[in-house]
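Have a look at the structure below, then the notes.
Numbering (the numbering used here), first residue to last: 32 to 103.
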């Protein structure tokens with residue numbers, strides 16, 4: 032995980048996007064524990080539980096899209 036800072040997260044519906052993740056704090060989300068939050072998913076335009084994704088779990092395509100600023 033790249034915590035703190037911009038972190039790749041996946042929502043409970045499977046959408047992948049970048050969000051700012053700071054341990055112990057949240058402005059636009061409700062913390063549910065150290066590695067889960069309830070926040071708005073910009074991809075599916077819904078509220079969902081999100082969790083950080085390890086860099087090793089991402090495919091090359093997903094890494095490329097996130098680097099380009101494209102949510103998956």
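Beta carbons are placed, not taken as given, at the ideal position from N, Cα and C, and that holds for glycine.
Rounded to the nearest angstrom, the gap between the Cα atoms of residue 60 and residue 41 is 14 angstroms. Contact annotation: residue 74 and residue 43 have beta-carbon atoms that are not nearer than 7 angstroms. At least 7 angstroms separates the beta-carbon of residue 78 from that of residue 68. Note that the C-beta distance between residue 82 and residue 63 is not below 7 angstroms. Looking only at 86, 54, 46 and 90, the smallest Cα-Cα distance to residue 36 is reached by 54.
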